[in-house]
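Here's the structure, in structure tokens; my notes come after.
Residue numbers (the working numbering), protein chains in the order written: chain W, 823 to 1127; chain U, 823 to 1127; chain V, 823 to 1127.
Now the structure itself:
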């Protein structure tokens, strides 16, 4: 199955997800052998308009493990010393002559779509604006649930924290709605609850969900706790007490023995460092899964038939 | 034929240009096969004192397509956290120990010459100051004319815009003067006309030229229209109306059907985006030619006999 | 002999130094053949929280000459656009999933030790804070003395300049104390003399040393002159005359014909540029030795048995 651009989570149907996860499993075996040289003629550009070392390194490592090569910038705005604000479209047309795939991090929502519309080479969206998408992040998180829980059907997942503008939470909830007998919990201060568009989508797809402002009676029955950060800017000067959403060893004790904890990273005080050593803490494994999932995506892009 | 340093356009004689263009043609065939691994033991440093993602990526892509490796910085000024302003000469002596060729972008005119004077490895000038040189840019533009028009003799070329400080225009006019029956047109506001030193050089070489402040009666008879930007800083508060130099579909209609439009890029409003889809718009192909021309130059540098 | 983390000079025993220098000799032969592809499945991350182009390029060149691949950042602080100050420990845990070795430049003393404590892959300290360590620099300097003088026993070495906070001077004095019949001279303004902890260490190891505020009667009898810079910030407004510590052709004339001059680089006015062409000026060769020594260290790290 062949992919061209990877712009948004919505383009991933169940058959594509299945193939992706099968390939990611294969890529883990390739990684155990130290990678492959199969794509040593391929060049990937990481064109980042904002620095994000983790995301960039994850893509570049995946490309290097496939044997490929990388052109890299974290200051794509400095594309030229002469003109500020060259059209993104022109930049993409030019960079496309230098490489076989462009990984784009753009500061504007819709940037990846604009790029894909004119690009001669595949575009991978590595984040476009706060309200935009970061589909490969959602995919590696889906794969992590699949890899840890060995299924994606029948799972119950609790999202905790600042959910209204959580790009990863929104994308993951969207993708989870494709599976059967899923139940989602959204645990957040009322002011930061998940937005109605996601809930509408869940209802349309017959997905059960529940809203709550407390972890009570929820963390003890879910398979996945997806923790996110409540920003100080949002909580300061309000009645919100972020600490009641923190995940510490007390919360751990209530969780199911075979459940997992995820986090989009980087994490801060919302997860106590004492939690790190618990086998249920899956967030470092989640981050590691970025490599095999991105290798799988790149291999699907390079495979033209 | 062996090249050591590439410092200025003047060092390119007709025989070297001929070999360069033959090799660039070959490199296009190599690119169609996905590149070569012939130079997989070679390391190129891109030592940029100013960021320029396009130029840097173009060099790095050329090196990777040859199978080579890259050390890269866009902030060579941060060479050391301890001393600001280490001598360029010392930097070059040290970096020369780490690689096989240095691509240097420096902020001072003459920087590349100073570097070449002390370097143990070849230096390629990738731009040295506003008044300096950027010879590989001029070479890829010459190659584009050759590739598009299938000749370099007997051509008429119109340069439009802010010509007095146009580094690429000056270098290209210089190189074109090596060929036969060339006619050059310089279309610019009087205050921004091409400087007398270039005109003197053209007269010495018997090259016909004409100055004008209007495109009228010129764009309809030339083979190449080379458009450049008129900066707002220069035109604001003067009588100059930059818009009469803009290239839009009206101008296109007057141009010869087999002529081409070039631009050093990045472009802005001086070329209407409606022009992009016309087959005569050669500026994206011009930018793409950076790869094969730089591969050709690197292969001439690495070939010691 | 297998190395895991390279955190501080103190971990290098005589047998490890001997193996390192033997391997560095071998690596010079490998370099003469254009490098090797032996480690083409390995990835090194250069995770720099402060830019240092020379140190970064030296590590990356060593890795490329071994056939390996590189992930590179000089702005590791921009690890995420969301949180300032992610824990170094979390960053290391995540980056360790992307590569086989991390070269870390951190701004805090002890950063490398903290990283090594949690890392799943080897950490190489490429400088951690002004008061910290930069062990590979000390090792390449030791190797330079060994390579130039063909021994490390019985040598007399004069350190000149601002010695109290000279990280490289302190590390090198420490390493030299492991050898026999070494005599060290510390030539500095009284206010900038080497600190007592180093002198205590020398006494414990029975190493002869002498303090002086003048080069007189010393530079004429030593095998190695190790010059360092006296910073303007430290000397301005004091009685100190930095110029009496400058190394020029007058000083050269007094030096032994087979002695050498070293400098941690970048150098400034403390070494006259007329000295550069004297065969005793070893500082560019010293800098070049960074490649073979770092190749040797990487090969010891990758060799698990």
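Virtual Cβ for every residue (Gly too), placed ideally from N, Cα, C.
Just so it is clear, the structure is predicted and the values come from calculations on it, not from any experiment.
Confirm, please, whether the CB-CB distance from residue j to residue i is below 7 Å.
i                       : j                       : result
residue 924 of chain U  : residue 943 of chain U  : yes
residue 871 of chain W  : residue 827 of chain W  : no
residue 1029 of chain W : residue 999 of chain W  : yes
residue 1067 of chain U : residue 967 of chain U  : no
residue 890 of chain W  : residue 920 of chain W  : no
residue 1104 of chain U : residue 963 of chain U  : no
residue 886 of chain W  : residue 1052 of chain V : no
residue 1033 of chain V : residue 1014 of chain V : no
residue 883 of chain V  : residue 1113 of chain V : yes
residue 881 of chain W  : residue 965 of chain W  : no
residue 898 of chain U  : residue 875 of chain V  : yes
residue 980 of chain U  : residue 1009 of chain U : yes
Residue i touches chain V at which residues, Cβ-Cβ below 7 Å?
i                      : result
residue 912 of chain U : 1088 and 1089
residue 893 of chain U : 879, 882 and 883
residue 831 of chain W : None at all; the shortest Cβ gap to chain V is about 20 Å.
Within 10 angstroms of the Cβ of residue i, are there 16 or more other Cβ atoms? Answer buried if so, exposed if not.
i                       : result
residue 1071 of chain U : exposed
residue 1027 of chain V : exposed
residue 824 of chain U  : exposed
residue 873 of chain U  : buried
residue 1127 of chain U : Low local confidence applies: a pLDDT of 47 at residue 1127 of chain U is under 50, so the model's placement there is unreliable, and no value is given.
residue 1092 of chain V : buried
residue 912 of chain V  : buried
residue 1059 of chain V : exposed
residue 1079 of chain U : exposed
residue 1055 of chain V : exposed
residue 1042 of chain W : exposed
residue 1089 of chain V : buried
residue 1039 of chain W : exposed
residue 896 of chain V  : buried
residue 1075 of chain U : exposed
residue 957 of chain V  : buried
residue 854 of chain V  : exposed
residue 936 of chain W  : buried
residue 952 of chain W  : exposed
residue 1130 of chain V : Outside the displayed range of chain V (823 to 1127) lies residue 1130 of chain V, so it cannot be described from this structure.
residue 976 of chain W  : exposed
Using the beta-carbon of each residue, which ones in chain U are nearer than 7 Å to residue i?
i                      : result
residue 915 of chain W : 1106
What residues of chain V sit near residue i, judged by a beta carbon separation below 8 Å?
i                       : result
residue 1121 of chain W : In chain order: nothing, as chain V lies at least about 17 Å away.
residue 863 of chain U  : 856 and 857
Along the chain, where does the beta strand (DSSP E) containing residue i start, and where does it finish?
i                       : result
residue 867 of chain U  : 865-870
residue 1031 of chain V : 1030-1034
residue 893 of chain V  : 891-895
residue 953 of chain U  : Careful: residue 953 of chain U lies outside any beta strand (DSSP E) and carries neither H nor E.
residue 1053 of chain V : Neither: residue 1053 of chain V is in no beta strand (DSSP E) and is coded neither H nor E.
residue 1006 of chain U : 1005-1009
residue 980 of chain V  : 978-982
For chain B, is any of its Cβ atoms less than 7 Å away from the one on residue i?
i                       : result
residue 1030 of chain V : You won't find chain B in this structure, because its protein chains are W, U and V.
What are the start and end residues of the alpha helix (DSSP H) that includes residue i?
i                       : result
residue 1162 of chain U : Residue 1162 of chain U is absent from the model: chain U starts at 823 and stops at 1127.
residue 843 of chain V  : 836-854
residue 1081 of chain W : No alpha helix (DSSP H) holds residue 1081 of chain W; DSSP gives it neither H nor E.
residue 1091 of chain U : Counting along the chain, residue 1091 of chain U falls outside any alpha helix (DSSP H), and DSSP gives it neither H nor E.
residue 881 of chain W  : 875-887
residue 996 of chain V  : 989-998
For a contact meaning CB atoms closer than 7 Å, what does residue i contact in chain W?
i                      : result
residue 919 of chain V : 1109, 1110 and 1113
residue 841 of chain U : None at all; the shortest Cβ gap to chain W is about 24 Å.
Residue i touches chain U at which residues, Cβ-Cβ below 9 Å?
i                       : result
residue 900 of chain W  : 872, 873, 874, 875 and 896
residue 1024 of chain V : Residues of chain U passing the Cβ test: none, with the nearest at roughly 26 Å.
Residues of chain U with CB closer than 8 Å to the CB of residue i, please, in chain order.
i                      : result
residue 886 of chain V : 865, 891 and 893
Any heavy atom of the ligand MG closer than 6 Å to the beta-carbon of residue i?
i                       : result
residue 1056 of chain W : Within the structure as shown, the ligand MG is missing, as the structure has no ligands at all.
Next on the checklist: For the pair the region 1037-1051 of chain V and the region 1081-1088 of chain V, tell me if three or more CB-CB distances fall below 8 Å.
Outcome noted: Yes, the region 1037-1051 of chain V is in contact with the region 1081-1088 of chain V.
Checklist entry - Taking three-plus beta-carbon pairs below 8 Å as touching, is the region 830-846 of chain V in contact with the region 947-962 of chain V? => result Between the region 830-846 of chain V and the region 947-962 of chain V there are three or more inter-stretch CB-CB distances shorter than 8 Å, so the stretches are counted as touching.
Checklist entry - Using 8 Å as the Cβ pair cut-off and three pairs as the minimum, do the region 1111-1118 of chain U and the region 842-860 of chain U touch? => result Contact between the region 1111-1118 of chain U and the region 842-860 of chain U is present, because at least three Cβ pairs lie under 8 Å.
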